[in-house]
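J.: Here the sequence shown stands for residues 1 to 486, where the numbers follow the UniProt record's numbering. Built from N, CA and C at the ideal position, the CB exists for glycine as well. Got a structure for you, written out below as structure tokens; questions coming shortly.
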Amino acid sequence: MSSSQIDGATVIWFRDDLRIADNPSVCKAAEIGYPALACFILEDCDAKLGRYGGATKWWLYHSLSRLREALTELGVPLVVRKGDAASELMQIVKETGASTVLWNRRYDPAGIETDKAVKSALKDEGIAVESFNANLLTEPWEIETSSGGPFRVYTPFWRALRQRGEPPAPTPAIRKLAGLNDPPESLSIDDLALLPRKPDWAGGLRETWTPGEAGAQARMRDFLESTFERYAAERDLPGSSATSMISPHLRFGEISPRQIWHAACHHAAREGIADKPLEKFLSELAWREFSYHLLFHFPSLPGENYQSKFDCFPWKDDDAAFGAWSMGRTGYPIVDAGMRELWHTGYMHNRVRMVVASFLIKHLMIDWRKGAAWFRDTLVDADIANNSASWQWVAGCGADAAPYFRIFNPITQGEKFDADGVYTRRWVPELSSLPNEYLFRPFDAPQNVLKKAGVELGETYPHPLVDHSKARVRALDAFHSLSSAA
């Protein structure tokens, strides 16, 4: 194909942007006006990089299915392939005579490297290539400190982001797009082997979620209409259902941060909702932006300590303790509730995420990277930027990190944020008859109280893996050893 060719099909390469509305690549294809073809490639490097875990594979299957339905309504075929991105895209271009390839940008190191290589290969063949920002409020390189470098602390980052004003208004869904009449061969979505089979562990995910663009919009509407006004006051209470639960839809690009921002602002203005819930919600959306800002500027974030002094931290290799933590059998009810919620639904309340992460790192002294890997495999919203930045934040080794000596007490965290025990009793039903006084410390309950509640420690519910006070001292000693070495 010569570089002088100016017409031909347009290929839209979908990745983590599985929606039609507010999708710059789709809008550009409509503007170009030539027959369009959509494609999705399950890349060879996805498995090696852990881009998809078990839970996100399940979500991807259903999200791709919904995207295919939406594209079919537009008359645009979706071609599914598996393999090397550059090779598969080049093959699609040759099979269709395409003159343009469009995609929305990625910001992780492997994604950037792949996209650069693909863009170079296509341009060498005379193919026009254009990429867009579809999944962030602002590009990571567009916001800088006063000295010109990247932000390393969230609060000034949020202030600078807020000073940029409202993000651009989202574009509505394209209603008309010419599709390619004779698309090339495609795999079925089933051919990607994304769903669990033997065993099928996804029953809880099916009960909890509706993947896809329509599901994202429905989830957003429900949040705004039912719980948004309570968000600032109750977002830390796992039993109150005051969070948006929009994160997996955002992770797969079924809804954009621009859509979320403007929907929240318009709803608050229309309903006369006070500034506090709105600002708190927008600031939490900005935490995701900050995580991507960090990942772009510090690409080693997923695997290396941001603060190099933690390279000498005396992590413990304890498979038995890690297994107990991952299955919700630590003997600390709020921790176990969170891990069981995760296993059943592919999700965990954010406050509880911090508690369980702190417990793994600081009570059990297990490397944060093992926890991040478990979350990557089990969370439906597993996102390389959020996951890496958040685990390092809890560990104390990241940017703008919680100090290492901030060690969440799993007893008082439960008593403070789940005071009535609604959340804990749901996910740890064997303790449901314990009175609130002992719900988060059953190991302190008198024998007659345990017996009346039908609890037998070591049988119906485990003894605690570690003593909180002793574990805290051990973690602080390890931290002080780093400070001394520095």
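Is the beta carbon of H349 sitting closer than 8 Å to the one on P211?
T.: It is not a contact, given that the beta carbons lie outside the stated cut-off.
J.: My parser needs the alpha helix (DSSP H) runs of 4 or more residues fully inside the segment 377–435; what are they?
T.: Listed in chain order, they are 384–395, 410–417 and 422–427.
J.: Using the C-alpha atoms, what's the distance from A98 back to A475?
T.: Spanning the two alpha carbons is a distance of roughly 59 Å.
J.: Grab me the residues of A385's own chain with a C-beta within less than 6 Å of its C-beta, minus the 5 sequence neighbours each way, in chain order.
T.: Taken in chain order, the residues that qualify are S291, Y292 and L295.
J.: Do the segment 333–352 and the segment 249–261 touch if we need at least three Cβ pairs shorter than 8 Å?
T.: In short, these stretches do not touch, since the Cβ pair count stays below three.
J.: Looking at the unbroken beta strand (DSSP E) that takes in F14, where does it start and where does it end?
T.: Per DSSP, F14 belongs to the beta strand (DSSP E) from T10 to F14.
J.: Are there 16 or more other CB atoms within 10 angstroms of the CB of V473, so buried, or fewer, so exposed?
T.: Under this definition V473 is an exposed residue.
J.: Is K94 near I41, with beta carbons less than 8 Å apart?
T.: The answer is no: Cβ separation not under 8 Å.
J.: In chain order, what are the residue ranges of uninterrupted alpha helix (DSSP H) at least 4 long that sit wholly in the segment 184–272?
T.: You should have 203–208, 213–226, 231–234, 247–251 and 257–271.
J.: Can you round the beta-carbon distance between L359 and P410 to whole angstroms, since I take them to be within the 8 Å contact cut?
T.: In the sequence on display, residue 359 carries Phe and not Leu. Yes, they are in contact, since the Cβ atoms of F359 and P410 sit about 6 Å apart, within 8 Å.
J.: To the nearest angstrom, how far is it from the Cα of T10 to the Cα of S188?
T.: Distance between the alpha carbons of T10 and S188 is about 21 Å.
J.: Let me know the beta strand (DSSP E) ranges lying completely inside the UniProt domain "Photolyase/cryptochrome alpha/beta" (8–137), each 3 residues or longer, listed in chain order.
T.: Correct list: 10–14, 36–43, 78–83, 100–104 and 128–132.
J.: With 16 as the cutoff for other CB atoms within 10 Å, does A357 come out buried or exposed?
T.: Buried.
J.: Within 10 angstroms of its Cβ, does S326 collect 16 or more other Cβ (buried), or is it exposed?
T.: So S326 counts as buried.
J.: For my contact list, W58 and L195 are in at a C-beta cut-off of 8 Å; report their separation, rounded to the angstrom.
T.: Indeed they touch by this definition, with Cβ atoms about 6 Å apart.
J.: Roughly how many whole angstroms lie between the Cα atoms of H297 and S390?
T.: Those two C-alpha atoms are separated by around 16 Å.
J.: As a quick exercise: from V129, R230, S247 and R106, pick the residue whose alpha carbon is nearest that of A216.
T.: A216 has its Cα closest to that of S247, out of V129, R230, S247 and R106.
J.: Could you pull out every residue in the same chain whose Cβ sits closer than 8 Å to the Cβ of T96, ignoring the five residues on either side in sequence?
T.: Same-chain partners within the cutoff: G8, A9, V11, L37, L180, P183 and P184.
J.: Beta-carbon separation of Y52 and L60 under 8 Å?
T.: Going by C-beta atoms, Y52 is nearer than 8 Å to L60.
J.: Please go through the same chain and pick out, in chain order, the residues whose beta-carbon is closer than 6 Å to the beta-carbon of F223, but skip the five residues on each side of it.
T.: Result list for F223: S244, in chain order.
J.: I want to know whether the segment 429–444 touches the segment 454–463 - three or more CB-CB distances under 8 Å.
T.: A contact exists between the segment 429–444 and the segment 454–463.
J.: Beta-carbon separation of F281 and Y332 under 8 Å?
T.: It is not a contact, given that the beta carbons lie outside the stated cut-off.
J.: Rounded to whole angstroms, what is the Cα-Cα separation between C265 and V394?
T.: Cα to Cα, the separation comes out at about 30 Å.
J.: Kindly say whether F290, judged by its beta-carbon, lies nearer than 8 Å to any beta-carbon of chain C.
T.: Of the chains in the structure shown, none is chain C; there is only one protein chain.
J.: Could you tell me the alpha carbon to alpha carbon distance between L161 and L285, rounded to whole angstroms?
T.: L161 and L285: Cα-Cα distance of roughly 11 Å.
J.: So E213 and R19 are supposed to be a Cβ contact under 8 Å. How far apart are they, rounded?
T.: E213 to R19, Cβ: 4 Å. Contact.
J.: Could you tell me the distance, in whole angstroms, from the CA atom of V76 to the CA atom of G54?
T.: Cα to Cα, the separation comes out at about 29 Å.
J.: Figure out for me which residue from S469, I32 and G253 has the closest Cα to the Cα of L137.
T.: Comparing Cα-Cα distances from L137 to each of S469, I32 and G253, the minimum goes to G253.
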